[in-house]
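**Student:** Numbering (the working numbering), first residue to last: 9 to 309. Quick one: the structure is below, and I'll ask about it shortly.
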Amino acid sequence: MYKILGRVDYSADVFMQVIEAPAVAAACQPGQFIILMIHQEGERIPLTIADYDRESGTITIVVQAVGTSTRHLQTLGKGDSISNFIGPLGMPSEIENVGTVVCAGGGVGMAPIYPIARALKEAGNKVIAIMAARNESLLFWEDKMREVSDELIVTTDNGSRGRKSLVTEPLKELCETGDVNLVYAIGPGVMMKFCARTTEPYGIKTFVSLNSIMVDGTGMCGGCRVSVGGETRFVCVDGPEFDGHQVDFDLLMSRQRQYRSQEKESLDTYLSKAAVTKVALANSAASNAAACSAAAVAAHV
Numbered sequence: 009m010y011k012i013l014g015r016v017d018y019s020a021d022v023f024m025q026v027i028e029a030p031a032v033a034a035a036c037q038p039g040q041f042i043i044l045m046i047h048q049e050g051e052r053i054p055l056t057i058a059d060y061d062r063e064s065g066t067i068t069i070v071v072q073a074v075g076t077s078t079r080h081l082q083t084l085g086k087g088d089s090i091s092n093f094i095g096p097l098g099m100p101s102e103i104e105n106v107g108t109v110v111c112a113g114g115g116v117g118m119a120p121i122y123p124i125a126r127a128l129k130e131a132g133n134k135v136i137a138i139m140a141a142r143n144e145s146l147l148f149w150e151d152k153m154r155e156v157s158d159e160l161i162v163t164t165d166n167g168s169r170g171r172k173s174l175v176t177e178p179l180k181e182l183c184e185t186g187d188v189n190l191v192y193a194i195g196p197g198v199m200m201k202f203c204a205r206t207t208e209p210y211g212i213k214t215f216v217s218l219n220s221i222m223v224d225g226t227g228m229c230g231g232c233r234v235s236v237g238g239e240t241r242f243v244c245v246d247g248p249e250f251d252g253h254q255v256d257f258d259l260l261m262s263r264q265r266q267y268r269s270q271e272k273e274s275l276d277t278y279l280s281k282a283a284v285t286k287v288a289l290a291n292s293a294a295s296n297a298a299a300c301s302a303a304a305v306a307a308h309v
């Protein structure tokens, strides 16, 4: 069992957990991911590592609760345990001194971009970070990103914090300077797609980290297959990072949507059961309180 040592909620759907996993932390490198199972009969959940601490033996994950399993994970807090925690998986990021690197994180992608930016900074690069979200309430880790960046640009779609723009607007401006040597972009598929389109005319190498349907994490099931440069690759063993200019994002996003109806049905069932359980617990608590009150009155009489 893997104990949850810390928990922070960033919004109604986004939360952070710090997991005690010494063996994983000891071998972890930026860009890799883990697969966890809440219980033995649970679904395997692939999550990119947001941070790690080899000394304390911990792994940090940031999760957006969107389906049954991640909603269940959201109910766990400090002191609770996770049944299985497998990793590190995937190929680590290519960290070397190339000059000026732009690290763009969109939404929950702001979490996995952090250890990459930190490693690039430690390698001697100038790091320009772009944090992007739909609105201010969805931004997190601004202080952490500022610590590992030479320059930080914050954008929101509605202008509630930082610059009112999409991530591609400041990215294009940086590309136009001619000073950018490398770009990392992590976030929703559509965000990474348009980041790659933005950098391609300038010939700037752009890495993206893909989230695909995944089961075993070892390349056996083929569920995580993607098309890169017209060839089939597996996110779990060949990735999760790929050349963004070579990824077929339309195919990736199409495959991500193929089980949407089943996922909705599963989530509806889970939420319905959770609501029934909540009502039952409330009724039980009320009954116990009433019984205690009656007993107290009887004893007083």
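Beta carbons: idealized from backbone N, C-alpha and C, even for Gly. Model, not experiment: these values are computed from the prediction.
1) Output the distance between the C-alpha atoms of residue 185 and residue 172, rounded to the nearest integer angstrom.
2) Below 7 Å CB to CB, which residues in the same chain sit around residue 48 once its five sequence neighbours on both sides are set aside?
3) Whole angstroms are fine: how far does the CA of residue 137 sit from the CA of residue 181?
4) In the DSSP assignment, find the beta strand (DSSP E) that holds residue 193 and state where it starts and stops.
5) Measure how close the beta-carbons of residue 106 and residue 189 come, nearest whole angstrom, since I'm counting them as under 8 Å.
6) I need the straight-line Cα distance from residue 7 to residue 275, nearest angstrom please.
7) Given this structure, state the Cα-to-Cα distance separating residue 229 from residue 51, to the nearest angstrom.
8) Short check: CB of residue 252 to CB of residue 214, under 7 Å?
9) Evaluate residue 16 with the Cβ neighbour count: other Cβ atoms within 10 Å of its Cβ, from every protein chain shown; 16 or more gives buried, anything less gives exposed.
10) When burial is assigned at 16 or more other CB atoms within 10 Å of the CB, is residue 287 buried or exposed?
11) When you compare only the Cα positions, how much space is there between residue 72 and residue 118?
12) Straight-line CA distance for residue 248 to residue 111?
13) Output the residue ranges of the beta strand (DSSP E) runs that lie fully inside the segment 69 to 123 and measure 3 residues or longer, sorted by chain position.
14) Near residue 86, which residues of its chain fall below 8 Å by C-beta distance, leaving aside the five closest residues on each side in sequence?
15) Is residue 288 helix, strand or coil when you go by DSSP?
16) Classify residue 52 as helix, strand or coil using the three-state DSSP reduction.
17) Which runs of the alpha helix (DSSP H) at least 4 residues long sit entirely within the segment 147 to 173? Give them in chain order.
18) With three or more beta-carbon pairs closer than 8 Å as the criterion, would you say the segment 125 to 133 touches the segment 65 to 79?
19) Go to residue 262, then tell me how far its alpha helix (DSSP H) extends in each direction, as first and last residue.
20) Does residue 187 pass the burial test, meaning 16 or more other C-beta atoms within 10 Å, or should it be called exposed?
21) Quick one: grab the DSSP three-state call for residue 63.
**Tutor:** Quick look at the numbers:
1) The residue given as residue 185 occupies position 177 in the sequence shown. The residue given as residue 172 occupies position 164 in the sequence shown. Taking the straight line joining both Cα atoms gives about 21 Å.
2) Counting from 1 along the sequence shown, the entry for residue 48 is found at position 40. Around residue 48: 91.
3) Mapped onto the sequence shown, residue 181 falls at position 173. Mapped onto the sequence shown, residue 137 falls at position 129. Each residue's Cα considered, the two are about 13 Å apart.
4) Position 185 of the sequence shown, counting from 1, holds the residue named residue 193. Here the beta strand (DSSP E) through residue 193 covers 190 to 194.
5) Counting from 1 along the sequence shown, the entry for residue 106 is found at position 98. Counting from 1 along the sequence shown, the entry for residue 189 is found at position 181. Yes, residue 106 and residue 189 are in contact; Cβ-Cβ is about 5 Å, under 8 Å.
6) The structure shown does not extend to residue 7, since the chain is modelled only from 9 to 309, so the question has no answer here.
7) If you number the sequence shown from 1, residue 229 lands on position 221. If you number the sequence shown from 1, residue 51 lands on position 43. The alpha-carbon atoms of residue 229 and residue 51 are separated by roughly 15 Å.
8) To locate residue 252, count along the sequence shown from 1; it is residue 244. To locate residue 214, count along the sequence shown from 1; it is residue 206. Yes.
9) Here residue 16 refers to the residue found at position 8 when the sequence shown is read from its first residue. Exposed.
10) Along the sequence shown, one-based indexing puts residue 287 at 279. Annotation note: pLDDT 48 at residue 287 (below 50); position unreliable, no value reported.
11) Position 64 of the sequence shown, counting from 1, holds the residue named residue 72. Position 110 of the sequence shown, counting from 1, holds the residue named residue 118. Each residue's alpha carbon lies about 12 Å from the other.
12) Along the sequence shown, read from residue 1 onward, the residue named residue 248 stands at position 240. Along the sequence shown, read from residue 1 onward, the residue named residue 111 stands at position 103. Cα-Cα distance, rounded: 16 Å.
13) Complete beta strand (DSSP E) runs here, min 3: 92 to 97 and 108 to 114.
14) Mapped onto the sequence shown, residue 86 falls at position 78. 12, 13, 14 and 15.
15) Within the sequence shown, the letter at position 280 stands for residue 288. In this predicted model, residue 288 has a pLDDT of only 47, less than 50, meaning its place in the structure is not dependable enough to derive any value.
16) Along the sequence shown, one-based indexing puts residue 52 at 44. Correct three-state label for residue 52: coil.
17) If we require 4 residues or more, the alpha helix (DSSP H) runs fully inside the segment 147 to 173 come out as 150 to 155.
18) Judged by Cβ distances under 8 Å, the segment 125 to 133 makes no contact with the segment 65 to 79, as fewer than three pairs qualify.
19) By 1-based counting over the sequence shown, the position of residue 262 is 254. 257 to 264 is the extent of the alpha helix (DSSP H) around residue 262.
20) Locating residue 187 in the sequence shown gives position 179, where the first residue counts as 1. A residue is called buried when at least 16 other Cβ atoms come within 10 angstroms of its Cβ; residue 187 does not meet this threshold and is exposed.
21) One-based indexing of the sequence shown puts residue 63 at position 55. Looking at residue 63 - three-state DSSP - the assignment turns out to be coil, as it is neither helix nor strand.
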